[in-house]
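Data block below; observations after.
In my numbering, the protein residues as written are 418 to 609.
And the structure:
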């Protein structure tokens, strides 16, 4: 099991034209289906005069949550080629929307597949791809006199501190790379 995944850090754009049809591609970093729906609704509103607003998305480090939509194009000629570009670049937490303005000449199924694939590839080519780690939260409660021991482990393993409360009982919430979470739990458990 790997605890890394690739995604894009910001929105990027791509473009492709074939026989006067224009394909405008937009790649977004997304983390929820609600974000996906909001972005697509925004493109449908902004490009209300476009013939098709096709898209594909992939969510989660496991890359299990995905969808491709042809929006009225012949079956598997738009969403699948877009999703294919996401897969071939091994990306996740990404939405690619391709807006098509019809140019008056039919491209045929193979022409559509090429056009949507190239538009999506251009959007990815203009994106900043980054590798991120899958993190896990570790919550730990301890008494105040244990503070130095806990902080020594935190300094040694370097997790991100999400929250901390210091009272009669102290509590700290840490976020650490998934592959190191069990080691952190064991080291903290030894302090009790």
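Note that beta-carbon positions come from the ideal geometry of N, C-alpha and C, so glycine has one too. Keep in mind the model is a prediction, meaning the values are calculated, not measured.
Under the DSSP assignment, residue 486 falls in the beta strand (DSSP E) whose first and last residues are 482-486. Note on geometry: alpha-carbon atoms of residue 547 and residue 466 lie some 34 Å from one another. At the C-beta level, residue 442 and residue 515 come within 8 Å of one another. Going by DSSP, residue 421 is part of the beta strand (DSSP E) stretching over 421-425.
Under the DSSP assignment, residue 447 falls outside any alpha helix (DSSP H); it carries neither an H nor an E label. Residue nearest to residue 576 within the set 457, 527, 511 and 590 is 590 (criterion: CA-CA distance). Taking residue 607 as reference, the option from 538, 451, 566 and 578 with the minimal CA-CA separation is 566. Here the alpha carbon of residue 498 sits roughly 15 Å from the alpha carbon of residue 542. Relative to the Cα of residue 436, the nearest Cα in the group 553, 564 and 520 belongs to 520.
Taking the Cα positions, residue 424 is about 11 Å away from residue 550. Closest option to residue 605, judged by alpha-carbon separation, among 579, 559 and 583: 559. One Cα belongs to residue 572, the other to residue 598, and the distance between them is close to 15 Å. Looking at the backbone, the Cα of residue 522 and that of residue 438 are separated by about 8 Å. DSSP, reduced to helix, strand and coil, places residue 594 within a strand of the structure shown. Checking the DSSP bridge columns, you'll see residue 470 partnered with 516.
Counted as a single uninterrupted DSSP element, the stretch harbouring residue 477 is not any alpha helix (DSSP H), since DSSP gives it neither H nor E.
No Cβ-Cβ contact shorter than 8 Å links residue 484 with residue 495.
Cα atoms of residue 429 and residue 569: separation of roughly 42 Å, rounded to the nearest angstrom. Taking residue 586 as the centre and dropping the five residues before and after it, the same chain places the C-beta of 558 closer than 6 Å to its C-beta, in chain order.
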